[in-house]
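Participant: Input: one structure, supplied below.
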Amino acid sequence: MTKEQIKATILEIIAQIIPDEDLSNLKGDIPIREQVELDSMDFLDIIMELRKRYGIEVPENDYMQLATLDGSVAYLEPRMKNL
Amino acid sequence: MVSNKPNETRIVITGVGLTAPNGNNLAEFRKNLLAGKSGIQKFNVRYMGEVLAGICHLDPLKYQKKKDLRRGTRAGSIAIYCAQEAIADAKLDFACLDKSRIGIYLGITEHGTVETENEVYEIKQFNYDVKYWSHHHNPRVVANNPAGEVTLNLGITGPHYTLGAACAGGNIGLIQGLQMLLLNEVDLALSGGVSECTGSFGIFAGFKSEGALASHSDPEKACRPFDKDRNGVVVSEGGCIFVLERLSDALKRGAKIYGEIVGYAINSDASDFIFPDKERQIRCMKLALNKAGISPEDIDIINTHGTGTIEGDPVECRAIAAVFGEYPHAYINNTKSFIGHAMGAAGALELAGNLPSFEDHLVHPTINLDHLDSECHLNNLVINEPKKIDKVDYIFNNSFGMLGINSVVIVKRFEE
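Here the protein sequences line up with chains P and S, keeping their order.
For the first sequence, position 82 matches number 87 in the working numbering, and the numbering has no gaps at all.
For the second sequence, position 122 matches number 1373 in the working numbering, and the numbering has no gaps at all.
Now the structure itself:
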């Protein structure tokens, strides 16, 4: 996957988890939880979706790296580039 | 008979919110009961394929966000819908109420089976690796979930819990609310019952294994209590929540009063896991009459529990005959014949369907009764067509469940 594809995938997962939120203006460098209503259980849903769809394990110590959209793409790029 | 009890100790119904397979509010439900319209349909269940079931067609997005639906349970959605509708029906100024003085008491037959089955099905795709088990599982399956989701939705901070009482749950939710009002634990009770059981293949398969799952070429004719050709239960989902208040509070705010709960009883058979016990049912009915301070001849309508099983229906009929036989005045009907067995919601839904009789004096019938089983003969059984009667002062609501739990609620036409 390219970075753009990874970003689109993350957005698609988030849209599925918080379907009432408008994600069109989500800024990449600001924590996602500061921009939309996304709580800790929703965040665990993102982790679960990555596990189920792509077999990607995100250790708890790395959760903070997925706080922003840009951070998520950077963290996942090496793990998803060969998908 | 005019009550001499203080208004603070009289509990009245001032709002009704419901969803049934044939109606999403009391007016629609009542209209279909009087029109003989069933809500039973064909339905696909995991591992079993096509079965017959009562499915509700409420719009959960009327009161919840899409995210709430994804996170919560069907029973939670049904409870929220019914609670919101009941509050609106009661014309409460909800924003001004003290939310810490509102209690939520919901009867359930079961809870958690649907969510557990779904999770097991999900991890099967991952070779049963439990790291794929959802973090939402526990809050979904805790037994208080349906009542708890109502508190989250409405910001209610008073007590909330469910009452596991098999198929007597709806009546027992109502009784619990009444008791908490009498104890002055709350000022308003949201009481009734809910069920999401159609989402569980295990419920259907369990009845099938017992030889007690109804089948019929025409779904709307499948639930046929007291009929010679009955062959079991039609499994249904549903919900019904009443707003209960002390009469003094209801009068103060000029509330519409559907009726006053004047009698109730709960007892146990202590005899079998499944089969009912006539003597304990008789005892329960008499206890409720005693609590109300009335005699059998005062009752105008009896809503039977009858589920359409070969063994269960005649037991209840013999129990009713033993209590009311000398006073063949009460008219008798069955609401499950329209909507199937809504499990934890059944008792509350069936009572709600009868409440308008206080005003219109019509008794909805039991439908699909083409050939009355002689074992189920009862005086004044209202068969297939509604019956207009002269007066309706008391409605008597039977609701029984597995493990031998019996319940009766008696509601009186309101008069000051």
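By construction, the Cβ of each residue, glycine as well, lies at the ideal position given by its N, Cα and C atoms.
In this text the structure is predicted, and so the values were computed from the model without any measurement.
(1) If we call anything under 7 angstroms between Cβ atoms a contact, is Ile1291 (chain S) one with Ala1473 (chain S)?
(2) Would you verify that the beta carbon of His1388 (chain S) is, or is not, closer than 7 angstroms to some beta carbon of chain P?
(3) Thinking just about the alpha-carbon of each residue, which of P:Ala79, P:Pro83, P:Lys86 and P:Arg84 is nearest to the one in Gly33 (chain P)?
(4) Grab the span of the alpha helix (DSSP H) containing His1411 (chain S) for me, first residue to last.
(5) Roughly how many angstroms lie between the CA atoms of His1612 (chain S) and Gly1559 (chain S), to the nearest whole one?
(6) Determine the closest residue to Glu47 (chain P) out of P:Ile22, P:Pro64, P:Ser29 and P:Ile61, with distance taken between C-alpha atoms.
(7) How about Asn1648 (chain S) and Leu1602 (chain S): are their beta carbons less than 7 angstroms apart?
(8) Tell whether a beta-carbon distance below 7 angstroms holds between Gly1453 (chain S) and Phe1493 (chain S).
(9) What residues from the stretch 1297-1328 of chain S come within 8 angstroms of chain P, judged by C-beta to C-beta, listed N to C?
(10) Since Thr1449 (chain S) contacts Ala1304 (chain S) with CB under 8 angstroms, what's their CB separation in whole angstroms?
(11) Nearest-angstrom Cα distance between Ala1539 (chain S) and Ala1334 (chain S)?
(12) Between which two residues does the beta strand (DSSP E) containing Phe1670 (chain S) stretch?
(13) Relative to the C-alpha of Ser1328 (chain S), which candidate in S:Asn1396, S:Val1614, S:Asp1523 and S:Gly1652 has its C-alpha closest?
(14) Along chain P, in chain order, which residues have C-beta atoms closer than 8 angstroms to that of Tyr1383 (chain S)?
(15) Who are the near neighbours of Gly1415 (chain S) in its chain, counting only those whose CB is closer than 7 angstroms to its CB and skipping five residues on each side?
(16) If we ignore side chains and look at the alpha-carbon of each, how far apart do Asp1380 (chain S) and Gly1457 (chain S) end up?
(17) Pro64 (chain P) CB to nearest chain S CB: under 7 angstroms?
(18) So Leu88 (chain P) contacts chain S; which residues on that side make the cut at Cβ distance below 7 angstroms?
(19) Near Phe1575 (chain S), which residues of its chain fall below 6 angstroms by C-beta distance, leaving aside the five closest residues on each side in sequence?
(20) Count the other CB atoms within 10 Å of the CB of Gly1347 (chain S); is the residue buried (16 or more) or exposed (fewer)?
(21) Using a Cβ cut-off of 7 angstroms, pull out every chain S residue sitting near Asp25 (chain P), in sequence order please.
(22) Leu28 (chain P) CB to nearest chain S CB: under 7 angstroms?
(23) From the DSSP output, in three-state form, read off Cys1307 (chain S) for me.
(24) Where Lys1375 (chain S) and Arg1297 (chain S) are concerned, what is the direct C-alpha to C-alpha distance, given to the nearest angstrom?
(25) Going along the stretch 33-49 of chain P in order, which residues come within less than 9 angstroms of chain S, judged by CB to CB distance?
(26) Please work out which residues of its chain come closer than 7 angstroms, Cβ to Cβ, to Phe1524 (chain S), disregarding the five sequence neighbours upstream and downstream, and give them in chain order.
(27) Nearest-angstrom Cα distance between Asn1283 (chain S) and Gln70 (chain P)?
(28) Whole angstroms are fine: how far does the CA of Met6 (chain P) sit from the CA of Leu16 (chain P)?
(29) Note down, in chain order, each residue of its chain lying with its Cβ closer than 6 angstroms to the Cβ of Asn1422 (chain S), except the 5 sequence neighbours on either side.
(30) Check each candidate in S:His1308, S:Ile1590 and S:Val1445 and name the one with the smallest Cα separation from Ile1331 (chain S).
(31) Cutting at 6 angstroms between CB atoms, please list the residues of its own chain near Lys1293 (chain S), excluding the five before and the five after it.
(32) Just list the beta strand (DSSP E) runs in the stretch 1349-1408 of chain S, keeping only unbroken ones of 3 residues or longer that don't cross its boundaries, in chain order.
(33) Start and end of the beta strand (DSSP E) containing Ile1661 (chain S)?
(34) Here's the rule: buried if 16 or more other CB atoms are within 10 angstroms of the residue's CB, otherwise exposed. What is Thr1408 (chain S)?
(35) Within 10 angstroms of the Cβ of Glu42 (chain P), are there 16 or more other Cβ atoms? Answer buried if so, exposed if not.
(36) Pick helix, strand or coil for Lys1317 (chain S), following the three-state DSSP scheme.
Facilitator: On the basis of the coordinates in this document:
(1) For the purposes of this step, residue 1291 (chain S) is taken as residue 40 along the second sequence, with counting starting at 1. For the purposes of this step, residue 1473 (chain S) is taken as residue 222 along the second sequence, with counting starting at 1. The answer is yes: Cβ separation under 7 angstroms.
(2) Reading the second sequence from its first residue, position 137 is the one you call residue 1388 (chain S). For His1388 (chain S), the closest Cβ of chain P is not nearer than 7 angstroms.
(3) For this step, residue 33 (chain P) is matched to residue 28 along the first sequence. Nearest option by C-alpha distance: P:Ala79.
(4) Locating residue 1411 (chain S) in the second sequence gives position 160, where the first residue counts as 1. Per DSSP, His1411 (chain S) lies in no alpha helix (DSSP H); the unbroken beta strand (DSSP E) holding it starts and ends at His1411 to Gly1415.
(5) Along the second sequence, read from residue 1 onward, the residue named residue 1612 (chain S) stands at position 361. Along the second sequence, read from residue 1 onward, the residue named residue 1559 (chain S) stands at position 308. Answer to the nearest angstrom: the Cα atoms are 26 angstroms apart.
(6) The residue you call residue 47 (chain P) lines up with position 42 of the first sequence. A quick correction: the sequence has Asp, not Glu, at residue 47 (chain P). Among P:Ile22, P:Pro64, P:Ser29 and P:Ile61, the Cα nearest to that of Asp47 (chain P) belongs to P:Ile22.
(7) Within the second sequence, the letter at position 397 stands for residue 1648 (chain S). Within the second sequence, the letter at position 351 stands for residue 1602 (chain S). Yes, the pair counts as a contact, with Cβ atoms nearer than the cut-off.
(8) As a first step, residue 1453 (chain S) must be located in the second sequence, where it is residue number 202. As a first step, residue 1493 (chain S) must be located in the second sequence, where it is residue number 242. Their beta carbons are not under 7 angstroms apart, which means Gly1453 (chain S) does not touch Phe1493 (chain S) by this criterion.
(9) Result list: Lys1316, Lys1317, Lys1318, Arg1321 and Arg1322.
(10) By 1-based counting over the second sequence, the position of residue 1449 (chain S) is 198. By 1-based counting over the second sequence, the position of residue 1304 (chain S) is 53. Confirmed, Cβ separation roughly 5 angstroms.
(11) In the second sequence, residue 1539 (chain S) corresponds to position 288, counting from 1. In the second sequence, residue 1334 (chain S) corresponds to position 83, counting from 1. Straight-line Cα distance between these residues: approximately 27 angstroms.
(12) For residue 1670 (chain S) there is no data in the structure shown, the boundaries of chain S being 1252 and 1667.
(13) On the second sequence, position 77 is the one that residue 1328 (chain S) refers to. Distances from the CA of Ser1328 (chain S) to each of S:Asn1396, S:Val1614, S:Asp1523 and S:Gly1652 were compared; the closest alpha carbon is that of S:Asn1396.
(14) Counting from one through the second sequence, the residue named residue 1383 (chain S) turns up at place 132. Against chain P, a Cβ distance below 8 angstroms from Tyr1383 (chain S) picks out Met53, Arg56 and Lys57.
(15) The residue given as residue 1415 (chain S) occupies position 164 in the second sequence. So the list reads Ile1359 and Ala1394, once near-sequence residues are dropped.
(16) Numbered from 1 along the second sequence, position 129 holds the residue referred to as residue 1380 (chain S). Numbered from 1 along the second sequence, position 206 holds the residue referred to as residue 1457 (chain S). For Asp1380 (chain S) and Gly1457 (chain S), the distance between alpha carbons rounds to 27 angstroms.
(17) Here residue 64 (chain P) is taken as the residue at index 59 of the first sequence, counted from 1. The beta-carbon of Pro64 (chain P) is placed no less than 7 angstroms from the nearest beta-carbon of chain S.
(18) As a first step, residue 88 (chain P) is located in the first sequence; it is residue number 83 there, counting from the start. Those do not exist, as Leu88 (chain P) stays about 18 angstroms from chain S at its closest Cβ, beyond 7 angstroms.
(19) Residue numbering aside, residue 1575 (chain S) sits at position 324 when the second sequence is read from its first letter. Apart from sequence neighbours up to five positions away, the residues of its chain that approach Phe1575 (chain S) with a beta-carbon distance below 6 angstroms are Pro1547 and Ala1581, ordered along the chain.
(20) Translated into the one-based positions of the second sequence, residue 1347 (chain S) becomes position 96. The residue you asked about is not Gly; residue 1347 (chain S) is Cys in the sequence shown. Cys1347 (chain S) should be labelled exposed.
(21) Here residue 25 (chain P) is taken as the residue at index 20 of the first sequence, counted from 1. Annotation: Cβ neighbours of Asp25 (chain P) in chain S (cutoff 7 angstroms, chain order): Lys1316, Lys1317 and Lys1318.
(22) Looking up residue 28 (chain P) in the first sequence gives position 23. Output row for Leu28 (chain P): interface = no.
(23) Position 56 of the second sequence, counted from the first residue, corresponds to residue 1307 (chain S). In this structure, Cys1307 (chain S) counts as coil in the three-state DSSP scheme.
(24) Within the second sequence, the letter at position 124 stands for residue 1375 (chain S). Within the second sequence, the letter at position 46 stands for residue 1297 (chain S). Taking C-alpha positions only, Lys1375 (chain S) is separated from Arg1297 (chain S) by approximately 14 angstroms.
(25) Of all residues in the stretch 33-49 of chain P, those with a C-beta nearer than 9 angstroms to a C-beta of chain S are Glu42, Met46, Asp47 and Leu49, reading in chain order.
(26) The sequence position of residue 1524 (chain S) within the second sequence is 273, counting from 1. For Phe1524 (chain S), where only same-chain residues beyond five positions count, the Cβ hits under 7 angstroms are Met1653 and Leu1654.
(27) Taking the first residue of the second sequence as 1, we reach residue 1283 (chain S) at position 32. Taking the first residue of the first sequence as 1, we reach residue 70 (chain P) at position 65. Distance between Asn1283 (chain S) and Gln70 (chain P), taken at the CA atoms: about 57 angstroms.
(28) As a first step, residue 16 (chain P) must be located in the first sequence, where it is residue number 11. As a first step, residue 6 (chain P) must be located in the first sequence, where it is residue number 1. Computed Cα separation, rounded: 14 angstroms.
(29) What you label residue 1422 (chain S) is simply residue 171 of the second sequence in a count that begins at 1. Cβ contact annotation for Asn1422 (chain S) (same chain, cutoff 6 angstroms, sequence separation greater than five): Gly1598, Ser1650, Ser1658 and Val1660, in chain order.
(30) Counted from its first residue, the second sequence places residue 1331 (chain S) at position 80. It is S:Val1445.
(31) Here residue 1293 (chain S) is taken as the residue at index 42 of the second sequence, counted from 1. Closer than 6 angstroms at Cβ, skipping near neighbours: Glu1301 and Pro1470.
(32) Counting only runs of 3 or more, we get 1353-1359.
(33) Translated into the one-based positions of the second sequence, residue 1661 (chain S) becomes position 410. Residues Ile1656 to Lys1663.
(34) Counting from one through the second sequence, the residue named residue 1408 (chain S) turns up at place 157. Exposed is the call here.
(35) Locating residue 42 (chain P) in the first sequence gives position 37, where the first residue counts as 1. So Glu42 (chain P) counts as exposed.
(36) Along the second sequence, one-based indexing puts residue 1317 (chain S) at 66. Lys1317 (chain S): helix per DSSP, three-state reduction.
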